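Asks: Take a look at this one; I'll ask things after.
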Amino acid sequence: MATKKEEKPEKETKKKTIKKATSKTAEKKETKAKPKEKSALEKLKEKAKALEESVSEEKVDLKEKVKKKSDEPEEKEDGLVPIEDYLKSSIHLGTRVITPDMKQYVYKRRADGLAVFNTALLDDKIKEAADFLASFAPEDAILVCKREAGWKAAKFFNKITGIRTFTKKYPSGILTNPNLDDFFETELAFIVDPWLDKNALKDSNNIGIPVLSICDTNNYTAGINKIIPGNNKSAKSIGIILYLMAKLYVEARKIDVEIPPIHEWIDDWENLTPPK
9 MATKKEEKPE KETKKKTIKK ATSKTAEKKE TKAKPKEKSA LEKLKEKAKA LEESVSEEKV
69 DLKEKVKKKS DEPEEKEDGL VPIEDYLKSS IHLGTRVITP DMKQYVYKRR ADGLAVFNTA
129 LLDDKIKEAA DFLASFAPED AILVCKREAG WKAAKFFNKI TGIRTFTKKY PSGILTNPNL
189 DDFFETELAF IVDPWLDKNA LKDSNNIGIP VLSICDTNNY TAGINKIIPG NNKSAKSIGI
249 ILYLMAKLYV EARKIDVEIP PIHEWIDDWE NLTPPK
């Protein structure tokens with residue numbers, strides 16, 4: 009009988025052992041399952057990291073491409089002159105003053121405070137101005153240039169286009185006072201500087217004729233119908249503007265005349281270099 013009583017605990021012990029073994033097996037399965045879940049998560053993280061790295065590399069490439077494009081000078085088809093010629097002439101350099109009227113044509117300020125014109129606009133603005141001028145016959149327009157730096161180019165302009173030109177001094181009232189001996193009528197005034205040539209601007213506004221003007225960053229544009237944005241203080245910049253205006257004018261009006269090369273309009277042109 010004692011033997012039978014002892015069998016029960018043995019069975020219970022076996023059951024407990026089986027339960028423990030089963031629970032251990034379950035634990036092992038759980039522990040094995042956990043690494044699988046972890047590795048799947050890690051794989052997902054790795055994919056996300058790889059994607060992030062590829063995107064960042066693409067961003068860097070794009071930045072480099074944009075930088076390269078911005079560093080390279082923009083080459084426009086059918087440009088009037090190479091961009092280097094504009095830079096040599098300092099047409100893009102304004103003054104330290106920027107009026108509200110001229111702000112739209114300014115690209116930036118240099119470290120020394122000088123305003124810099126947007127060179128991308130130069131071709132279009134000069135072409136527009138030349139087309140406007142070409143709608144008037146030579147006898148129906150005048151050029152006024154009081155600034156000494158522009159006298160040489162103004163004389164070439166007069167010789168090539170046949171447009172009457174005033175340098176040194178514009179006789180005030182010549183367009184408005186019929187009692188003056190040298191009074192005459194015209195239909196368009198082309199002026200180099202709205203400030204220095206203000207008498208011509210005033211007379212033109214009084215008789216209601218349109219005005220075409222080169223305007224620097226410090227100029228106001230009231231009373232001016234067509235603007236050429238650019239440096240109107242330098243012989244080089246005035247020279248290149250009047251050279252291009254004369255060239256386009258005679259081409260548009262089919263005037264058969266030989267145009268002197270640009271180095272005759274601007275002193276020491278061959279040795280000029282773009283300012284830094």
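Just so we're on the same page, my numbering is the position in the sequence shown counted from 1, plus 8.
C-beta: ideal position from N, C-alpha, C; glycine also.
All values derive from a computational prediction rather than experimental measurement.
1) Going by C-alpha distance, which of V105, N207, N240 and I246 is nearest W273?
2) Output yes or no for whether 7 Å exceeds the beta carbon distance between T194 and I134.
3) Just to confirm, are D189 and I182 a CB contact at a threshold of 7 Å?
4) When we look at the beta-carbon of R155 and count the other beta-carbons within 10 Å, is it buried (16 or more) or exposed?
5) What residue does the beta strand (DSSP E) around L196 start on, and which one ends it?
6) Cα-Cα, which of D211, H271 and N226 is closest to V219?
7) Among A161, L204, S221 and V152, which one has its Cα closest to the Cα of G238?
8) On the DSSP bridge assignment, give the partners of V219 in chain order.
9) Can the beta-carbon of R261 be found closer than 7 Å to that of A142?
10) Let's see if you can read the secondary structure: which residues bound the beta strand (DSSP E) around V114?
11) Is the Cβ-Cβ distance between T225 and G102 less than 7 Å?
12) In the DSSP assignment, the beta strand (DSSP E) including T173 goes from what residue to what residue?
13) Do N214 and T184 have their CB atoms nearer than 7 Å?
14) Within the same chain, show all residues whose beta-carbon is closer than 6 Å to that of P202, passing over the 5 residues directly before and after it, in chain order.
15) Apart from the five residues on each side of it in sequence, which residues of its chain come closer than 7 Å, Cβ to Cβ, to V265?
16) Between the alpha carbons of V200 and G87, how many angstroms are there, rounded?
17) Please tell me whether I248 and S97 are closer than 7 Å, where the distance is taken between their beta carbons.
18) Please state the DSSP three-state secondary structure of F144.
19) Quick check: the Cα distance between A359 and A161, rounded to an integer number of angstroms?
20) To the nearest angstrom, report how far apart D276 and A58 are at their CA atoms.
21) Is the distance from the Cβ of P282 to the Cβ of L130 below 7 Å?
22) Helix, strand or coil for L101 per DSSP?
23) Leaving out five residues before and five after F140 in sequence, what residues of the same chain have Cβ atoms less than 7 Å from its Cβ?
24) Where does V105 land, buried or exposed, given buried means 16+ other C-beta within 10 angstroms?
Replies: In short:
1) Out of V105, N207, N240 and I246, I246 has the C-alpha closest to the C-alpha of W273.
2) No, they are not a contact pair.
3) Their beta carbons are not under 7 Å apart, which means D189 does not touch I182 by this criterion.
4) Burial check for R155: the Cβ neighbour count within 10 Å reaches 16 or more, so the residue is buried.
5) Annotation: the continuous beta strand (DSSP E) that includes L196 extends over L196 to I199.
6) Closest by alpha carbon: D211.
7) Cα-wise, what sits closest to G238 is S221.
8) Partner(s): A197.
9) Taking 7 Å as the Cβ cut-off, R261 and A142 qualify as a contacting pair.
10) Run containing V114: V114 to R117, per the beta strand (DSSP E) assignment.
11) In this structure, T225 lies near G102, with their beta-carbon atoms less than 7 Å apart.
12) Looking at the DSSP string, the run of the beta strand (DSSP E) that includes T173 is R172 to T175.
13) It is a contact, given that the beta carbons lie within the stated cut-off.
14) Answer for P202: L209, S221 and N227, listed in chain order.
15) Take V265, set aside five residues on each side of it, and the residues of its chain with a beta-carbon closer than 7 Å to its own are I168 and V258, in chain order.
16) Straight-line spacing of the CA atoms in V200 and G87 works out to 23 Å.
17) Using a Cβ distance threshold of 7 Å, I248 and S97 count as a contacting pair.
18) In this structure, F144 counts as coil in the three-state DSSP scheme.
19) What is shown of the chain runs 9 to 284, which leaves residue 359 out entirely.
20) Taking the straight line joining both Cα atoms gives about 60 Å.
21) Result no, Cβ atoms of P282 and L130 do not sit closer than 7 Å.
22) L101 falls in the strand class under three-state DSSP.
23) Within the same chain, F140 has close Cβ partners L220 and K234.
24) Its Cβ having fewer than 16 others within 10 Å, V105 is exposed.
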